[in-house]
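Its first residue numbered 143, the sequence shown is counted upward by one per residue in our numbering. Every residue gets a Cβ at the ideal spot worked out from N, C-alpha and C, and that includes glycine. Contents: one structure, followed by commentary.
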Amino acid sequence: MLKSSIVRAIALFVISFVVLAACKEGGKGVNTLSSDDNLLRFVPADTPYVFASGKPLPDDLVDSLEPRIDEILKAYQIVLREIARSVIAKNAEGMDVDDIQRASAIVDELTTLLSIQGMRDAGFERNSGFVMFGHGLLPVIRIEVSDPALFDAAIVRIEKAAGEAMDKGAIDGQSYRYVGDDDGSLVLAAMEDSVVFTFIPADFNDGQKRQLLGLTLPEKNIGGADTLPAIISKYEYSDYYIGFIDNQRIASTFIDEPKGLDAALMGAVGDDAPQISDVCKAEIRDMVGVAPRIVFGYDKITEDQMDGSFVLELRPDLAQGLTSIAAMVPGLGQDPGGLMSMGFSVNLLEMRSFYEARLDAMEADPFECEYFQEFQAGVAKGRDALNQPVPPIVYGFRGFNLVVDDVGDFDMANNQPPQEIDASLLVAMEDAQAIVA
């Protein structure tokens, strides 16, 4: 009765589990982000997005982190069991005893995997490298495994608990599992040294499947390009983890002639794909050019702290215009020690001026594309909003800085919240007395 949904749940959970496993460990397979003899050899040089592990985290650091990670995974076990219990209770009337027992058995198998030892037993080592990328628009995840047979055995145990196995296929002697419908299939395959997860549209031929599974390598891969090293150099990131999303490449798939697997993907869409005028194409390019790329990485990873950032790259004139919006907030941007800190700064008067300048620009050169007409109509609404009276205290606000020194004793595995929190909050105002006036 519930077999189909159970098999889909297995596939989706396995992907979530593998991504979690990769994000918690150091990377061995990528090793260096400027080499093409590792997992990066599977990533096309023109990929629109990628997130990859680089050199492995130091052993002493992983030794320190693993007990904490295990505690987090135990908390995930509790969450998963609670969700399963809720779903079973909600659908109890439509389930027979076998369905309930099978669902409980699946949860037991899945929660067993959610531990450091469970990951090891499934073939994921502490130095397993990973990469998540777009082969065109289609997502692909590859994770190194110590032994593909261990991963297969873990999947077999879940399938046995479910009472039904995923469908199987093969290409060039490489077997894979899949679950799908008329639109396509979610595919996972345990290969020689890695596990691959991807989505394959139903209309794809064997040649296109080979590309997604990595049986056919791209002519040029990102490991042989300077893209990732250039990001590391520009933003002074470490080479443990790095990634980007190229908004311009994604947009070009829809407004230019698609290439490679994207051509096949767009062909599968067929007549359902919208026809875009030349005017709209030009204005879409301009719009995407406002924020052409997002990059992310870690500056530092130590036992005591993890410093990372997401950077939204902006058109130079907009980036320059935003520089005046920052305000002074004591302590913000410094290392206060403690457990964590967060905050932001903003000069609302400068932000108002920046917004007014954007409205002026849209009035001087309005959008003509039909896709942006609602956005263009927002200019008048924006003017009306700026004309509304605002209390002076609002424009005097400059930001805040929250520092959490300690959260006391708490046990995530047993769902015990902290009994006390030692923290401080600083609110910056141009006229602090106005708060109590």
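>> Spatial neighbours of leucine 567 within its chain, please: C-beta separation below 7 Å, excluding the five flanking residues on both sides.
In response: Within the same chain, leucine 567 has close Cβ partners Phe542, Leu544.
> Distance, Cα to Cα, methionine 448 vs tyrosine 377?
Replying inline: Within the model, the alpha-carbon separation for methionine 448 versus tyrosine 377 is close to 16 Å.
> Measuring CA to CA, which of Asp446, Val437, Val432, Ile364 is closest to phenylalanine 452?
Replying inline: Measuring from the Cα of phenylalanine 452, the nearest candidate turns out to be Val437.
> How about isoleucine 342 and leucine 354: are their beta carbons less than 8 Å apart?
Replying inline: It is a contact, given that the beta carbons lie within the stated cut-off.
>> I'd like the list of long-range same chain contacts for methionine 484, defined as Cβ closer than 7 Å, with 5 residues on each side in sequence excluded.
In response: For methionine 484, where only same-chain residues beyond five positions count, the Cβ hits under 7 Å are Leu544.
> Whose C-alpha, out of Arg284, Ile313, Gly260, is nearest the C-alpha of asparagine 347?
Replying inline: For asparagine 347, the closest of Arg284, Ile313, Gly260 by C-alpha to C-alpha distance is Ile313.
> By Cβ distance below 8 Å, which residues in the same chain neighbour valine 488 in space, the five residues on each side in sequence not counted?
Replying inline: Once the five neighbours on either side are set aside, the close Cβ partners of valine 488 are Ile467, Ala468, Ala469, Phe539, Arg540, Gly541.
>> Among Asp507, Tyr320, Asp323, whose alpha-carbon lies nearest the alpha-carbon of glutamine 518?
In response: Residue Asp507 holds the alpha-carbon nearest to the alpha-carbon of glutamine 518 among Asp507, Tyr320, Asp323.
>> Three Cβ pairs or more, each shorter than 8 Å: is that satisfied between the segment 322-329 and the segment 290-305?
In response: The answer is no - the segment 290-305 does not touch the segment 322-329, with fewer than three Cβ pairs under 8 Å.
> Taking just the CA atoms, how far does alanine 433 sit from glutamate 516?
Replying inline: Straight across, the Cα-Cα distance linking glutamate 516 with alanine 433 is about 20 Å.
> Should asparagine 389 go down as buried or exposed, given a rule of 16 or more other Cβ atoms within 10 Å for buried?
Replying inline: Buried, because 16 or more other Cβ atoms sit within 10 Å of the Cβ of asparagine 389.
>> Taking the beta carbon of isoleucine 297 as the centre, do at least 16 other beta carbons fall within 10 Å, making it buried, or is it exposed?
In response: Around the C-beta of isoleucine 297, 16 or more other C-beta atoms lie within 10 Å, and the residue is accordingly described as buried.
>> For aspartate 294, report the span of its alpha helix (DSSP H) as first-last.
In response: Aspartate 294: member of the alpha helix (DSSP H) spanning 290-304, first to last residue.
> Do valine 329 and isoleucine 285 have their C-beta atoms within less than 8 Å of each other?
Replying inline: At least 8 Å separates the beta-carbon of valine 329 from that of isoleucine 285.
> Taking only runs of the alpha helix (DSSP H) that begin and end inside the segment 317-392, which ones reach a length of at least 4 residues, in chain order?
Replying inline: List check, alpha helix (DSSP H) in window: 348-355, 369-377.
> Taking the alpha helix (DSSP H) that lysine 232 falls in, what are its first and last residues?
Replying inline: Counting along the chain, lysine 232 sits inside the alpha helix (DSSP H) bounded by residues 201-232.
> Quick one: is tyrosine 382 buried, meaning 16 or more other Cβ sit within 10 Å of its Cβ, or exposed?
Replying inline: Tyrosine 382 is buried by the Cβ-count criterion.
> Leaving out five residues before and five after glycine 171 in sequence, what residues of the same chain have Cβ atoms less than 6 Å from its Cβ?
Replying inline: Residue confidence is low: glycine 171 scores 44 on pLDDT, short of 50, so the model does not pin down where it sits. No coordinate-derived value is stated.
> Does DSSP put glycine 311 in a helix, in a strand, or in coil?
Replying inline: It is a strand residue.
>> For leucine 481 and proline 190, I'd like the C-alpha separation in whole angstroms.
In response: Distance between the alpha carbons of leucine 481 and proline 190 is about 35 Å.
> Count the other CB atoms within 10 Å of the CB of valine 536; is the residue buried (16 or more) or exposed (fewer)?
Replying inline: Answer is exposed; the Cβ neighbour count stays below 16.
> Taking the runs of the beta strand (DSSP E) that are 3 residues or longer, which of them lie wholly in the segment 446-515?
Replying inline: Complete beta strand (DSSP E) runs here, min 3: 448-455, 482-487.
> So lysine 401 is in the beta strand (DSSP E); what residue range does that whole segment cover?
Replying inline: Looking at the DSSP string, lysine 401 is not in any beta strand (DSSP E), and its letter there is neither H nor E.
>> On the DSSP bridge list, what partners appear for aspartate 526?
In response: According to DSSP, which records beta bridges pairwise, aspartate 526 is partnered with nothing at all.
> Is the segment 258-268 touching the segment 195-214 in the sense that three or more CB pairs, one from each, lie closer than 8 Å?
Replying inline: With three or more CB-CB distances shorter than 8 Å, the segment 195-214 counts as touching the segment 258-268.
> Closest by CA to isoleucine 418, which one among Arg435, Leu407, Ala405, Thr395?
Replying inline: The residue with the shortest Cα to Cα distance from isoleucine 418 is Thr395.
> Does DSSP put proline 534 in a helix, a strand or coil?
Replying inline: DSSP places proline 534 in helix when its eight states are reduced to three.
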